[in-house]
Amino acid sequence: MFELINGWMALGALGASIPVIIHLLNRRRFKITRWAAMEFLLASLRKNYKRVRMENLLLLLLRVLMFILIALALARPRVTESGALGALGTESRHAIIVLDNSFSMGYREGSDTCFDRAKDVAQQILNSLDTGDVISLLAMSDVTRPVIKQATLDVGLVRQEVKRIRRGWGATDVRAALVAAAGLLDSTKKPRKEIFIITDMQALGWGNKGAEPSSELESALEHIRKQAKVFVVDVGSAEPENLAVTKLAPVSSIIGTGTQSEFEGEGSNFGRTQKSGVQLRCLVDKFNQGVKTLDIPPGKSKTTTLTHSFHTKGMHVIQVQLGEDRLPPDNVRHLAVNVEEFVRTLLVNGETSTEPDENETYFIERALSPPTEQVGLKVSHVKPTTITEFGISGADFAKYRLVVLANLASLAAEKPVLRLEDYVKRGGALVVFLGDRVDAAFYNQRLFKDGNGLLPARLGSEMGTTGPNRKGTHIELLKPVHPAFRRFTGEKAFFISRSVLFYKYYELHLPKQLEDVRVVAQFHGGGPAIVEKTFGRGRVMLFASSCDAEWNNFPTSAAYLVVVHDLLRHLASGEFEQRNVIVHQPYRRTFAPAELIDTVKVRRPDGAEKELRPYLIRPAGRRASEESENATLTLTQIRFLETDVAGQYKLELRRKDGSRPPIEYFAVNVPPQESDLRRYAPDDAKAAVKGIQFEYATSLAELKLAVRQSRAGREFARPLLLALLAVTCVELILGQRFGR
Amino acid sequence: MAQVETNEDYKKYLDPKVLSRISRLDIKARLIVEGYVSGLHKSPFHGFSVEFAQHREYSPGDDLKHLDWKVFGKTDRFYVKQYEEETNLRGWILLDISESMDYRSGEVSKLEYGSYIAASLAFLMLQQQDSAGLVLFDDQIRTLLKPSGQPSHLKLITRELAEAKPTGRSKVGTIFNDLAERLKHRGLIILISDLFVDPGELAVGLQHFRHKRHEVVLFHVLDDYERTFPFRDLTMFKGLEGYEDVFAEPRSLRDGYIAEMENFVKHVKRTCRQHKIDYVPMTTSDSLEAALSAYLAGRLAMRGK
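Quick note, the sequences are listed as chains E and S, same order.
Its first residue numbered 72, the first sequence is counted upward by one per residue in the numbering used here.
Its first residue numbered 55, the second sequence is counted upward by one per residue in the numbering used here.
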């Protein structure tokens with residue numbers, strides 16, 4: 072079978088008509104001259120007529136042939152079957168080697184890991200290439216990194232790169248690798264393209280069976296089908312066994328000094344046999360804190376609670392380790408926590424009074440930080456700061472984990488509203504209680520902003536009455552129960568639904584856009600009572616009633632203390648997520664302007680260091696003029712992208728005045744799903760990535776056979792160009808000789 | 055007006071630049087026409103040739119009437135006076151005015167070039183007190199001016215040259231035979247032509263002139279293009295003298311054409327050598343004076359032998 076690689080170039084063969092057209096045009100264009108020595112001319116003509124005609128014809132044919140050869144050479148014909156004709160042609164290739172370097176490739180069997188075997192296979196593939204073939208090299212994990220993107224002729228270079236490449240810490244994403252490989256196909260014009268995917272055939276890497284491919288993947292597969300042959304080389308273990316630590320997280324988001332903090336560690340057995348007596352070792356700041364023993368059935372996970380009491384505030388790193396198994400990278404997880412001496416909260420008291428218990432924030436202040444003089448023990452890390460509405464413009468919200476607005480009438484200026492929005496967007500928590508002083512118009516206009524502002528719902532009219540003949544309304548929790556009320560489910564639900572009465576409240580109207588808004592509790596008979604909204608990275612919670620016991624009896628109910636603390640933990644959890652990222656996720660750290668950070672040096676677990684300079688960030692939708700007015704709002708940030716090694720990262724900060732704040736840490740962990748080494752058979756893989764076609768090989772011999780069978784085919788551009796050269800030479804010589 | 059133009063036409067044949075170069079050379083007929091005796095002993099004619107040239111010591115046999123007695127009286131030695139060899143020479147200038155002579159690749163056609171030669175030579179002859187005649191011919195004699203020594207004869211000759219119109223096909227066979235019979239006195243025949251004629255007839259005609267003991271000088275005038283054939287593009291060659299048109303690619307025919315042309319020239323040269331005819335090849339791009347001077351210088355050198 073013949074085919075043309077650049078089919079449309081064959082149209083160039085029409086160029087063969089050019090010499091004929093030139094010849095015909097020339098015949099129409101001639102000079103006229105009178106001539107005396109006609110006899111001699113006629114004599115010459117009589118003698119040379121036949122010869123001249125033959126020469127002309129020969130030259131014309133050669134010129135036509137030149138054009139046909141050029142067009143054919145550009146169209147690059149090839150035979151797709153080997154045979155006598157195939158032996159004449161040549162065939163050069165573009166080989167794209169995709170090497171799986173996810174951490175599951177570190178699985179050891181005997182003396183080799185899967186990754187060692189994969190490198191061997193890559194070297195063998197390089198051996199099988201001919202001179203003139205070009206190579207690209209990709210490292211595939213959950214991100215596909217081009218090692219050699221620009222196809223190179225230099226096999227030695229590729230060999231070195233293959234030797235140098237290291238097993239990574241990421242998960243696997245074959246789809247992303249296919250898209251990346253398809254992107255390289257057009258970088259060369261080689262007639263033959265081969266993609267070699269060397270992987271352990273981990274099921275998760277290929278995705279779920281029957282999943283619809285994204286349009287990007289679909290077009291990439293289409294591209295690959297048209298241009299390339301795909302070979303998948305399986306270097307994985309047939310029946311892998313693996314134990315992994317799949318989770319390490321604090322039970323509470325607030326970790327303070329001097330009290331017991333709890334952490335949840337999870338061990339998983341991804342093998343087919345029961346694992347008994349699995350030892351889970353806990354280390355805090357690299358000091359051994361004891362061992363927990365687990366029995367984990369095959370395919371299951373077991374969770375255990377680890378406790379530790381921190382004595383010093385600041386950054387600590389907790390580590391949970393398993394004993395050695397065949398795949399070491401997932402046997403350890405790290406957790407960086409910030410242990411706080413105090414959790415600062417800001418209470419904005421909207422109704423002040425000379426009598427302490429008449430203050431709007433009286434109850435919540437005591438709930439957050441019960442007076443210690445009576446107990447004699449430190450029972451709470453929460454340190455509430457109470458200010459009046461006049462102190463709000465001078466407050467630095469960033470210092471607080473929670474801000475409570477209690478019966479605040481309004482905010483006089485625009486600035487505090489913007490600063491509050493910034494604070495919440497960056498992960499802050501805001502709770503808004505209403506009351507008799509509230510200016511509903513201000514709340515709706517400046518805080519609700521038709522659903523675009525902080526407030527989760529628009530305030531309607533006041534309902535109910537206070538006074539001697541007040542009548543209360545019950546509230547009920549909506550399912551799923553909000554984390555702040557998680558202890559009051561089932562038979563304990565009556566603590567809320569029976570005991571709490573709302574005498575007076577604002578009617579709340581939910582916005583049309585409900586994506587970020589969640590109703591936590593509603594009044595008996597309808598109408599939202601507590602509404603939560605996600606705003607940026609933070610959360611805002613709105614109570615329809617007052618903070619004190621004037622409009623409801625919630626502060627005096629038994630559940631109050633528990634709910635307030637759970638609410639704080641829930642709302643303040645944003646901070647924790649930032650110190651722990653998964654491999655290949657960027658790490659961000661934001662600095663307040665007052666911190667005056669000049670440089671940040673990041674030291675990776677493998678010893679590599681990088682110095683970063685924080686850059687200014689501007690909140691979305693903020694104008695530059697506003698920014699200059701609010702110099703205190705300009706925050707700086709660093710973004711660290713090279714989180715491709717799991718472990719503990721150290722941050723050394725330096726202020727502009729040269730002083731150094733305490734050292735910080737963040738932890739990078741391997742993606743837990745990659746520990747699941749279950750494999751796909753080739754047909755499963757084809758079912759998972761719909762539309763992919765590949766040749767499957769589990770050994771070098773199989774690969775060689777598959778490659779040889781598919782490589783039948785030859786290209787003819789080179790012989791055609793040689794023929795063109797020969798014809799051109801002949802034409803030149805004859806033209807010279809014939810005097811044309 | 056017309057008269058003025060005609061006068062200027064005459065003058066162009068008498069280009070002073072051309073003639074001044076030639077007048078510095080003496081034209082001497084190699085052969086004596088009408089009873090020329092070789093050597094300077096005596097001239098059979100007591101013509102006008104009395105110009106003193108030099109003295110020579112007397113040797114026995116010299117005619118005593120040439121002894122210079124005045125020199126004998128002064129030096130007591132015998133010297134003989136020598137005179138320039140002068141005689142009445144009848145020169146016939148035969149100019150081909152056939153259509154082929156009208157071809158030109160540059161500014162000057164072969165006919166014009168031939169006319170320059172004819173006029174220059176006629177002037178030279180008349181200045182020498184020789185007589186010059188003119189024959190213009192194609193396939194027949196179109197004009198015949200008998201030789202005359204009168205200086206005014208030049209005007210006649212040049213007028214005929216100016217008025218000559220190229221017509222017809224040249225045919226020399228009968229014309230040369232006829233002329234050879236008609237010219238009673240032996241003389242110098244100067245033939246100016248491109249010689250695009252039948253070679254056989256040409257040979258017979260020239261032989262006839264020689265047989266009648268005429269001295270013949272042949273100026274073979276060709277155009278530069280006729281010698282080199284430098285055409286490159288496809289060309290329609292319009293035949294002169296009744297030849298049909300030829301459409302040809304010149305580059306492919308060039309070698310063949312040049313070979314034919316060289317053969318022809320070789321043949322003419324051989325014929326001339328056989329009949330002791332001076333053959334002077336000329337092309338219209340050659341400097342006219344240089345060509346004439348070269349010829350006349352050659353004649354002088356031959357006389358010196």
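Quick reminder that beta carbons are idealized off the backbone N, C-alpha and C, glycines included.
* To do: Would you grab the beta carbon distance between residue 271/E and residue 175/E for me? Rounded to a whole angstrom, and I think it's under 8 Å.
  => Taking the first sequence and counting its residues from 1, the one referred to as residue 271/E is at position 200. Taking the first sequence and counting its residues from 1, the one referred to as residue 175/E is at position 104. Confirmed, about 6 Å.
* Asked: Just curious, the beta strand (DSSP E) that residue 360/E is in, first and last residue?
  -> As a first step, residue 360/E must be located in the first sequence, where it is residue number 289. First-last of the beta strand (DSSP E) with residue 360/E: 358-367.
* Is the shortest distance between the beta-carbon of residue 322/S and the beta-carbons of chain E less than 8 Å? -> Along the second sequence, read from residue 1 onward, the residue named residue 322/S stands at position 268. No, because no Cβ of chain E sits closer than 8 Å to the Cβ of residue 322/S.
* Determine the closest residue to residue 670/E out of 677/E, 226/E and 728/E, with distance taken between C-alpha atoms. => Translated into positions along the first sequence, residue 670/E becomes position 599. Residue 670/E has its Cα closest to that of 728/E, out of 677/E, 226/E and 728/E.
* Separation of residue 396/E from residue 564/E, as counted between CA atoms -> As a working mapping, residue 564/E is identified with position 493 in the first sequence. As a working mapping, residue 396/E is identified with position 325 in the first sequence. Taking the CA atoms as reference points, residue 564/E sits about 46 Å from residue 396/E.
* How about residue 112/S: is its C-beta nearer than 8 Å to some C-beta of chain E? -> Your numbering for residue 112/S matches position 58 in the second sequence. With respect to chain E, the C-beta atom of residue 112/S has no partner C-beta closer than 8 Å.
* So what does DSSP say about residue 583/E, is it helix, strand or coil? -> What you label residue 583/E is simply residue 512 of the first sequence in a count that begins at 1. In the structure shown, residue 583/E sits in coil (DSSP, three-state: anything other than H, G, I, E or B).
* To do: Tell me whether residue 490/E is buried or exposed, calling it buried when 16 or more other Cβ atoms sit within 10 Å of its Cβ.
  => Here residue 490/E refers to the residue found at position 419 of the first sequence. Per the 10 Å Cβ criterion, buried.
* Asked: In three-state terms, what does DSSP make of residue 122/E?
  -> Here residue 122/E is taken as the residue at index 51 of the first sequence, counted from 1. Three-state DSSP puts residue 122/E in a helix.
* To do: Taking only beta-carbon positions, decide if residue 126/E is within less than 8 Å of chain S.
  => The residue labelled residue 126/E in the question sits at position 55 within the first sequence. Taking Cβ atoms only, chain S reaches closer than 8 Å to residue 126/E, which makes this a yes.
* **6 Å Cβ shell around residue 733/E - same chain, five flanking residues per side excluded** => Looking up residue 733/E in the first sequence gives position 662. For residue 733/E, where only same-chain residues beyond five positions count, the Cβ hits under 6 Å are 385.
* Compare the C-beta of residue 163/E with all C-beta atoms of chain S and state if any pair is closer than 8 Å. => Looking up residue 163/E in the first sequence gives position 92. Judged by the 8 Å Cβ criterion, residue 163/E is not in contact with chain S.
* Using a beta-carbon distance below 8 Å, is residue 287/S in contact with chain E? -> Counting from one through the second sequence, the residue named residue 287/S turns up at place 233. True, the Cβ-Cβ gap to chain E drops below 8 Å.
* Asked: Ordered along the chain, which non-local residues of its own chain (more than five positions away) have a Cβ less than 6 Å from that of residue 693/E?
  -> To locate residue 693/E, count along the first sequence from 1; it is residue 622. The predicted model places residue 693/E with a pLDDT of 48, which falls under 50 and marks its position as unreliable; any figure quoted below should be read in that light. Once the five neighbours on either side are set aside, residue 693/E has no close Cβ partner at all.
* **Assumed close pair residue 164/S, residue 248/S - CB separation to whole angstroms, cut-off 8 Å** => By one-based count along the second sequence, residue 164/S stands at place 110. By one-based count along the second sequence, residue 248/S stands at place 194. Sure, about 6 Å apart at Cβ, within 8 Å.
* Identify, in the order they occur along the chain, each residue of the same chain with its Cβ nearer than 8 Å to the Cβ of residue 319/S, setting aside the five sequence neighbours on each side. => Numbered from 1 along the second sequence, position 265 holds the residue referred to as residue 319/S. If we look at residue 319/S and ignore the five residues flanking it on each side, its Cβ neighbours are 274 and 335.
* Buried/exposed call for residue 358/E, threshold 16 Cβ in 10 Å -> What you label residue 358/E is simply residue 287 of the first sequence in a count that begins at 1. Exposed is the call here.
* Sequence-distant residues of the same chain with beta carbon closer than 6 Å to residue 456/E, five excluded per side -> In the first sequence, counting from the first residue as 1, residue 456/E sits at position 385. A distance below 6 Å between beta-carbons, with the five flanking residues on each side excluded, links residue 456/E to the following residues of its chain, in chain order: 417.
* Name the chain E residues whose beta carbon is nearer than 7 Å to that of residue 311/S? -> Taking the second sequence and counting its residues from 1, the one referred to as residue 311/S is at position 257. Near residue 311/S (Cβ distances below 7 Å), the residues of chain E are 111, 112 and 115.
* Asked: Around the Cβ of residue 165/E, are there at least 16 other Cβ atoms within 10 angstroms (buried) or fewer (exposed)?
  -> The residue you call residue 165/E lines up with position 94 of the first sequence. Of the residues assessed, residue 165/E falls on the buried side of the cut-off, its CB having 16 or more other CB atoms within 10 angstroms.
* Contacts around residue 202/S, its chain only, beta-carbon distance under 7 Å, and the 5 residues preceding and following it disregarded -> Here residue 202/S refers to the residue found at position 148 of the second sequence. The answer, listed in chain order, is 185.
* Pair every Cβ in the region 181-190 of chain E with every Cβ in the region 228-244 of chain E, then say whether three or more of these pairs are closer than 8 Å. => yes
* If you drop the 5 nearest sequence neighbours on each side, which residues of the same chain put their C-beta closer than 6 Å to that of residue 109/S? -> As a working mapping, residue 109/S is identified with position 55 in the second sequence. So the qualifying residues of the chain are 133.
* Are there 16 or more other CB atoms within 10 angstroms of the CB of residue 420/E, so buried, or fewer, so exposed? -> As a working note, residue 420/E is residue 349 in the first sequence. Residue 420/E is classed as buried because its beta carbon has at least 16 other beta carbons within 10 Å across all chains shown.
* Using a beta-carbon distance below 8 Å, is residue 340/S in contact with chain E? -> Within the second sequence, numbered from 1, the residue matching residue 340/S stands at position 286. False, the Cβ-Cβ gap to chain E never drops below 8 Å.
* **Helix, strand or coil at residue 715/E according to DSSP, with G and I counted as helix** => By 1-based counting over the first sequence, the position of residue 715/E is 644. Reduced to three states, the DSSP call for residue 715/E is coil.
* Asked: Roughly how many angstroms lie between the CA atoms of residue 400/E and residue 188/E, to the nearest whole one?
  -> Residue mapping note: residue 400/E aligns to position 329 of the first sequence, counting from 1. Residue mapping note: residue 188/E aligns to position 117 of the first sequence, counting from 1. Cα to Cα, residue 400/E sits roughly 18 Å from residue 188/E.
* Asked: Where in the region 709-789 of chain E do unbroken runs of the beta strand (DSSP E), each at least 3 residues long, occur, reported from the N-terminal end onward?
  -> 718-726, 735-740 and 766-768
* In the structure shown, what three-state DSSP assignment does residue 83/E receive? -> Counting from 1 along the first sequence, the entry for residue 83/E is found at position 12. Here residue 83/E sits in helix by DSSP.
* Asked: Where does residue 210/E fall in DSSP's three states?
  -> Position 139 of the first sequence, counted from the first residue, corresponds to residue 210/E. Correct three-state label for residue 210/E: strand.
* Using beta-carbon positions only, say whether residue 655/E and residue 214/E come within less than 8 Å of one another. => Translated into positions along the first sequence, residue 655/E becomes position 584. Translated into positions along the first sequence, residue 214/E becomes position 143. Yes. Within cutoff.
* Give me the Cα-Cα distance between residue 119/E and residue 286/S, rounded to the nearest whole angstrom. => For this step, residue 119/E is matched to residue 48 along the first sequence. For this step, residue 286/S is matched to residue 232 along the second sequence. Using only the alpha carbons, I get a separation of about 16 Å.
* Identity of the residues DSSP links to residue 533/E by a beta bridge -> Taking the first residue of the first sequence as 1, we reach residue 533/E at position 462. Per DSSP, 577/E.
* Asked: Do residue 505/E and residue 474/E have their C-beta atoms closer together than 8 Å?
  -> Locating residue 505/E in the first sequence gives position 434, where the first residue counts as 1. Locating residue 474/E in the first sequence gives position 403, where the first residue counts as 1. Not closer than 8 Å, so no.
* **Residue span of the alpha helix (DSSP H) that contains residue 309/S, given as start and end** => If you number the second sequence from 1, residue 309/S lands on position 255. First-last of the alpha helix (DSSP H) with residue 309/S: 304-328.
* Compare the C-beta of residue 118/E with all C-beta atoms of chain S and state if any pair is closer than 8 Å. => Within the first sequence, residue 118/E is the residue found at index 47, counting from 1. Answer yes: the Cβ-Cβ gap between residue 118/E and chain S drops below 8 Å somewhere.
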